[in-house]
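Heads up: the sequence lines are chains A and B, in that order. Under the numbering used here, the residue at position 198 of the first sequence is numbered 203, and the numbers go up by one with no gaps. Under the numbering used here, the residue at position 110 of the second sequence is numbered 115, and the numbers go up by one with no gaps. Worksheet for the structure shown next.
Number of protein chains: 2
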Amino acid sequence: MGTISKALTLLDTLSLMDRDVGLTEIAAACGLDKATARRFLVELERHGFVEQLAESRKYRLGSAPVRLGRIREARFPFLKTAIPFVRQLMEESGETVHLSEFSGGRLSTVHVEDSTKAHRVFIAVGTLLPFHATASGLAFIAACPDKDVERAAIGPMPAFTDHTTTDGAAFRQAVVQTRIDGYSVNRQGMEAGVISASAAIAAPGSRPIGCITVAAPLVRTDVATIRRHGLSAAAAASRISEAFFGVDHKEQGTPQRGRGPG
Amino acid sequence: MGTISKALTLLDTLSLMDRDVGLTEIAAACGLDKATARRFLVELERHGFVEQLAESRKYRLGSAPVRLGRIREARFPFLKTAIPFVRQLMEESGETVHLSEFSGGRLSTVHVEDSTKAHRVFIAVGTLLPFHATASGLAFIAACPDKDVERAAIGPMPAFTDHTTTDGAAFRQAVVQTRIDGYSVNRQGMEAGVISASAAIAAPGSRPIGCITVAAPLVRTDVATIRRHGLSAAAAASRISEAFFGVDHKEQGTPQRGRGPG
DNA sequence: TGAGATGGTTCATATATTGAACCATTGCTT
DNA sequence: AAGCAATGGTTCAATATATGAACCATCTCA
């Protein structure tokens, strides 16, 4: 692996830790030597991708990504386009709704509209969504070409709860069902007591751009309710796709070869 | 310079080009060999920092920074906090107002609220703001320690218009005036026909976090008006700072040693 | 005050980066 | 249609660069 990949992996690791971290800790988390980790951090800091705190000497994500993200959004306004639909779906369903995007070979949460109910599901921005253990991941992979599904099906499937799908056959079956329904459902696969329904946001090209997902406490979500959420999510996904790609599709372009999911 | 720095510089260069660019062009823009540029682009793409378009094979900024930016904002909500004040200042002044942030040794625009008037100033998100040629830069540097001012004063000062400050003495004088007024003014230093007033957003620590700036067409902005804009900007900056750092200042922390401005 | 963390640094060694020259494809000109 | 010029992409020997074990300096806490 090249130095750049290692540094970006470090950045990624840092982004997944939701607190400020020390040198030794982050080096360990990335499997890097302390000296190496430090050189990476210094170079990343030079460019504003990480910040070091003056007093504690700990490191955290910097503000350069905010700038780059804004530039990206200004030219390719995925969030701006999608958020109103996310909000609407949250109001319609009454449950927490989150938007995820596929990037760098992984699916991750980029926006959350929290349910206004007291008893609700919490999801942090930046959360990674494994294909086998989340409704989002399943919806995404089901909308990908079969070769992507297959790659995911033969990959490792860590169990997060007793309900997580951990074998390829069950996974493939779930993909088939998702393709039939037009939305995916995941019952407690990631966290006990949570049920989610998700739909992929199609893009011109072979892979969808991301997903929109309703996450609800299991206790108030019966079969009919989750079906309603799923259908609403599918409708919202389709509206987002149309809003984003429908009209001025003049050479927005679609990326290629991003290494496949799985 | 290390490989990581070179790759991040490439990413930065790409972000400053407001269109999709080809391999040869970006290699030239970064002063890199084609082969090197390509390896960088491939590694950056693996992590979602750039995207390659399937049809034209050109490259553009990817969506990974959006994710990282969102995580950063979720934990350190500078934009979320500041934008309402930016908007309010736009409404109050009737002119385009932009918010800039200091990161990676440079000041750049992270948010713009456009004036609703037909004749107004346009600023793109991501625009770099040189210290010697913009009200924002001046406001920022004037709020920094003297050593930062001095470093900027002895650096190169490219002229963007006939009105750009290009010598150290005039620059230092402008810093003094800015410190007296509590806001900076720049008259056509970056672009002919535009006058701006800016104030730095203070942070606990030696350097401010960024600036808030009113940019107006020169033709309708007399001395009294620009003073009004400047005072409003200073008031807004102070409110942002208070909103962001005032209340729960419990170990938000402030970064150190980001290589100084200039 | 001393043992155990932690942040940070050094430098010989090992490894990854580099770029000139190359090929393949496309689009333009004659 | 042939030829030319540009562009994207690749190769591999030369070399600059990254690496990490061992080191030092602080800090904390008993």
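Cβ coordinates follow ideal geometry from the N, Cα and C atoms, glycine included. Small disclaimer: the values here were computed from a predicted structure and weren't measured.
Straight-line gap, residue i to residue j (C-alpha atoms, nearest Å)
i: Ile231 of chain A; j: Ser98 of chain A; result: 10 Å
i: Ala205 of chain A; j: Arg72 of chain A; result: 27 Å
i: Arg262 of chain B; j: Ala239 of chain A; result: Low confidence applies here, because Arg262 of chain B scores a pLDDT of 45, under 50, leaving its location unreliable and the question unanswered by this model.
i: Thr183 of chain B; j: Phe83 of chain B; result: 24 Å
i: Arg65 of chain B; j: Leu19 of chain B; result: 7 Å
i: Phe214 of chain A; j: Val199 of chain A; result: Checking the sequence shown, residue 214 of chain A turns out to be Ile, not Phe. Cα to Cα, the separation comes out at about 24 Å.
i: Lys11 of chain A; j: Thr8 of chain B; result: 11 Å
i: Asp25 of chain A; j: Gln57 of chain A; result: 9 Å
i: Pro209 of chain A; j: Glu247 of chain A; result: 11 Å
i: Ala138 of chain A; j: Arg177 of chain A; result: 13 Å
i: Ala220 of chain B; j: Ser120 of chain A; result: 39 Å
i: Ala175 of chain B; j: Phe81 of chain A; result: 41 Å
i: Met6 of chain B; j: Ala164 of chain B; result: 28 Å
i: Leu13 of chain B; j: Arg62 of chain A; result: 23 Å
i: Asp151 of chain B; j: Gln93 of chain B; result: 32 Å
i: Ile185 of chain A; j: Phe107 of chain A; result: 22 Å
i: Thr170 of chain A; j: Thr86 of chain A; result: 33 Å
i: Val126 of chain B; j: Ala197 of chain B; result: 11 Å
i: Arg233 of chain A; j: Ala33 of chain A; result: 45 Å
i: Ser243 of chain B; j: Ala229 of chain B; result: 21 Å
Other residues of its chain near residue i: CB distance less than 8 Å, five sequence neighbours each side excluded
i: Leu15 of chain A; result: Ile31, Cys35, Leu37, Ala42, Phe45, Leu46, Leu49
i: Asp172 of chain B; result: Met162
i: Thr29 of chain B; result: Lys39
Proximal residues to residue i (C-beta, below 7 Å), its chain only, five neighbours per side dropped
i: Phe54 of chain B; result: Leu16, Gly67, Ala69, Pro70
i: Tyr188 of chain B; result: Ala144, Ala202, Ser203, Ala204, Gly235, Leu236, Ala238, Ala239
i: Ile159 of chain A; result: Gly173
i: His124 of chain B; result: Pro222
i: Val91 of chain A; result: Val102, Leu104, His116, Glu118, Ile217
i: Lys146 of chain B; result: Before going further, note that residue 146 of chain B is Ile rather than Lys in the sequence given. Here the set comprises Phe136, Asp153, Val154, Ala157, Val180, Pro266.
CA nearest to the CA of residue i, picked from the options
i: Ala157 of chain B; options: B:Phe136, B:Arg65, B:Ala144; result: B:Phe136
i: Gly110 of chain A; options: B:Phe250, B:Arg51, B:Ala242, B:Leu236; result: B:Arg51
i: Ile88 of chain B; options: B:Glu60, B:Leu104, B:Asp25; result: B:Leu104
i: Arg77 of chain B; options: A:Glu100, A:Arg92, A:His116, A:Gly142; result: A:His116
i: Arg192 of chain B; options: B:Asp227, B:Pro209, B:Ala208, B:Arg212; result: B:Asp227
i: Thr166 of chain A; options: A:Asp153, A:Val180, A:Met195; result: A:Met195
i: Leu60 of chain A; options: A:Phe127, A:Lys152, A:Gly27, A:Glu247; result: One point to set straight first is that residue 60 of chain A is Glu, not Leu, in the sequence displayed. Nearest C-alpha to Glu60 of chain A: A:Gly27.
i: Ser211 of chain B; options: B:Val190, B:Leu21, B:Cys149; result: B:Cys149
i: Gly74 of chain A; options: B:Phe90, B:Val130, B:Phe81, B:Thr121; result: B:Val130
i: Leu21 of chain B; options: B:Thr169, B:Ala229, B:Thr132; result: B:Thr132
i: His168 of chain A; options: A:Ala79, A:Arg233, A:Val190, A:Lys39; result: A:Val190
i: Thr114 of chain B; options: A:Ala229, A:Ala79, A:Thr114; result: A:Ala79
i: Lys122 of chain B; options: B:Ala33, B:Thr86, B:Arg225, B:Arg233; result: B:Arg225
i: Asp23 of chain B; options: B:Ala197, B:Arg233, B:Ile128; result: B:Ile128
6 Å Cβ shell around residue i - same chain, five flanking residues per side excluded
i: Met95 of chain B; result: Val102, Glu118
i: Leu134 of chain B; result: Ser105, Leu112, Ser141, Gly142
i: Arg100 of chain A; result: The question names Arg, but residue 100 of chain A is Glu in the sequence shown. Excluding residues within five positions, the ones whose Cβ falls inside 6 Å are Ser120, Val219, Ala221.
i: Ala241 of chain B; result: Phe90, Leu94, Ile217
i: Ile245 of chain B; result: Ala87, Phe90, Ile206
### Message
Quick check on the DSSP output: what are the complete beta strand (DSSP E) runs of length 3 or more inside the stretch 15-91 of chain A, in order along the chain?
### Response
55-57, 64-66
### Message
Quick check for students: name the residue ranges of the alpha helix (DSSP H) that lie wholly in the stretch 175-252 of chain A, counting only runs of 4 or more.
### Response
228-246
### Query
Mind listing which residues of the stretch 65-94 of chain B have their C-beta closer than 9 Å to chain A's C-betas, in chain order?
Arg65, Leu66, Gly67, Ser68, Ala69, Pro70, Val71, Arg72, Leu73, Gly74, Arg75, Ile76, Arg77, Glu78, Ala79, Arg80, Phe81, Phe83, Leu84
### Task
Kindly provide the ranges of any alpha helix (DSSP H) runs that are 4 or more residues long and lie completely inside the stretch 91-169 of chain B, ordered along the chain.
140-147, 151-159
### Task
Using a Cβ-Cβ cut-off of less than 9 Å, list which residues of the stretch 94-110 of chain B approach chain A; keep chain order.
Glu106, Phe107, Ser108, Gly109, Gly110
### Message
If the cut-off is 8 Å on Cβ atoms, which residues from the stretch 17-40 of chain B count as contacting chain A, listed in chain order?
### Response
Asp17, Ser20, Asp23, Asp25
### Query
Using a Cβ cut-off of 8 Å, which residues of the stretch 200-216 of chain A contact any Cβ in chain B, in chain order?
Gly210
### Task
Note down, in chain order, all residues in the stretch 129-157 of chain B with a beta-carbon under 8 Å from any beta-carbon belonging to chain A.
Ala129, Val130, Gly131
### Query
In chain order, what residues of the stretch 44-56 of chain A put their CB closer than 8 Å to some CB of chain B?
Arg44, Phe45, Glu48, Leu49, Glu50, Arg51, His52, Gly53, Phe54, Glu56
### Query
Of all the residues that make up the stretch 174-202 of chain B, which are near chain A by a beta-carbon distance shorter than 8 Å?
none
### Query
Along the stretch 225-248 of chain A, what residues have a CB closer than 9 Å to any CB found in chain B?
none
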